[in-house]
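Below is one structure, written out as C-alpha cells, with a few remarks after it.
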Amino acid sequence: MKTLIIYALLLCGVASAQAQQITELEEATVKINPYSVMTSSNLDDYSFTINENYAGEFHANPIGFMQENFDIKEFIEAVKERNYETYVVTFKSTKGFLRANFNKHGTLGRTYQKFTNILLPLEVRQDLYKNYKGWTMTKNNYVASGNGDLLKKEVYKIKIEKDNKSRIIKLTPAMIGSTTVASN
17 MKTLIIYALL LCGVASAQAQ QITELEEATV KINPYSVMTS SNLDDYSFTI NENYAGEFHA
77 NPIGFMQENF DIKEFIEAVK ERNYETYVVT FKSTKGFLRA NFNKHGTLGR TYQKFTNILL
137 PLEVRQDLYK NYKGWTMTKN NYVASGNGDL LKKEVYKIKI EKDNKSRIIK LTPAMIGSTT
197 VASN
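End of the sequence shown sits at 200 in my numbering; the numbers just go up one at a time, nothing left out.
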C-alpha cells in the first residue's frame with residue numbers, strides 16, 4: 017500500500033511537471049503620461065495639468081518637457097472635427113504655466129511662460145549670491161516668451177530682504193556674466 021501511494025505521488029509529480037509549458041510573451045511598452053487629462057477646453061484653447069511627480073522637470077525646461085511628452089499632431093487628429101486654424105495649449109502646474117500656440121499643421125508658434133518660486137538656475141543663483149551677499153531671497157518670478165523653441169525675452173524678478181529692507185531685482189539670464197572678464 018505504501019509503494020502504491022509513492023507511485024501515485026510520483027506519477028502526479030511527473031504529469032504536472034510535463035503539463036507546464038513556457039509561454040514567451042512579447043515585449044510590452046508602457047508610457048507614463050506626465051500630464052493629467054485635459055482639464056478644460058474653451059474653443060481653440062486647451063488646458064492640461066502637470067502631474068506633481070513631473071513638476072520639477074516641467075519647471076526646469078517647460079518647452080523641452082512639452083516637446084518630449086506631448087504629441088501635437090496626435091492631439092490635432094483627436095480634435096480634428098473642430099478644424100481650427102490655431103490651437104492654444106496651456107500646461108499648468110502649482111507653480112506656473114506654459115502657453116503654446118500651434119498652427120493647424122502642428123508647428124509651434126509663440127510661447128509664454130510664467131512661474132513663481134521655482135529653483136533658480138545655477139548661474140542666476142551664483143550671480144545673486146555674488147552681488148547681494150547677506151540678502152535673503154523671499155520670492156521669485158520667472159517670465160519668458162518667444163517663438164518656437166527659442167526664447168526671445170526672459171526675466172527673473174527676485175525679491176530679496178536684509179535688515180527689514182526689501183528690494184526687487186530683475187535679472188536677465190542673457191546678461192549674467194556679460195560684464196565679467198575671463199581669467200585663467
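We treat Cβ as the ideally placed atom computed from N, Cα and C, and that holds for glycine.
Environment of residue i [buried if 16+ CB atoms lie within 10 Å]
{"i": "T45", "result": "At T45, the pLDDT of 49 sits below 50, so the modelled position is not reliable; the number obtained from the coordinates is stated separately. Exposed, since its Cβ has fewer than 16 Cβ neighbours within 10 Å."}
{"i": "I66", "result": "buried"}
{"i": "M17", "result": "exposed"}
{"i": "A76", "result": "exposed"}
{"i": "Y23", "result": "exposed"}
{"i": "L187", "result": "buried"}
C-beta atoms of residue i and residue j nearer than 8 Å
{"i": "N117", "j": "R126", "result": "yes"}
{"i": "K168", "j": "N133", "result": "no"}
{"i": "V140", "j": "P78", "result": "no"}
{"i": "A160", "j": "S109", "result": "no"}
{"i": "V174", "j": "N147", "result": "Looking at the sequence provided, one finds Ile at residue 174 rather than Val. Contact: no."}
{"i": "F131", "j": "F64", "result": "no"}
N- and C-terminal bounds of the beta strand (DSSP E) containing residue i
{"i": "R141", "result": "No beta strand (DSSP E) holds R141; the alpha helix (DSSP H) holding it covers L138 to N147."}
{"i": "A116", "result": "G112 to N119"}
{"i": "I185", "result": "K181 to L187"}
{"i": "N85", "result": "It is not in any beta strand (DSSP E) - N85 instead sits in the alpha helix (DSSP H) that spans P78 to N85."}
Proximity to residue i [Cα-Cα], best of the options
{"i": "L124", "options": "D60, G162 and L187", "result": "G162"}
{"i": "P137", "options": "Y172, F81 and L114", "result": "Y172"}
CA-to-CA distance, residue j to residue i, given in whole angstroms
{"i": "S182", "j": "E68", "result": "31 Å"}
{"i": "I99", "j": "I92", "result": "In the sequence on display, residue 99 carries Asn and not Ile. Cα to Cα, N99 sits roughly 9 Å from I92."}
{"i": "I176", "j": "L144", "result": "10 Å"}
{"i": "K47", "j": "N85", "result": "Only weak support exists for where K47 lies, its pLDDT of 48 falling under 50; the value from the coordinates is given anyway. Going by the C-alpha atoms only, they are around 10 Å apart."}
{"i": "G164", "j": "T152", "result": "35 Å"}
{"i": "E90", "j": "D60", "result": "15 Å"}
{"i": "F113", "j": "Q129", "result": "6 Å"}
{"i": "G122", "j": "E73", "result": "23 Å"}
{"i": "Y62", "j": "I184", "result": "34 Å"}
{"i": "V104", "j": "K178", "result": "42 Å"}
{"i": "S199", "j": "Q142", "result": "With a pLDDT of 35 at S199, under the threshold of 50, the predicted position of this residue should be treated as unreliable, and no value is reported."}
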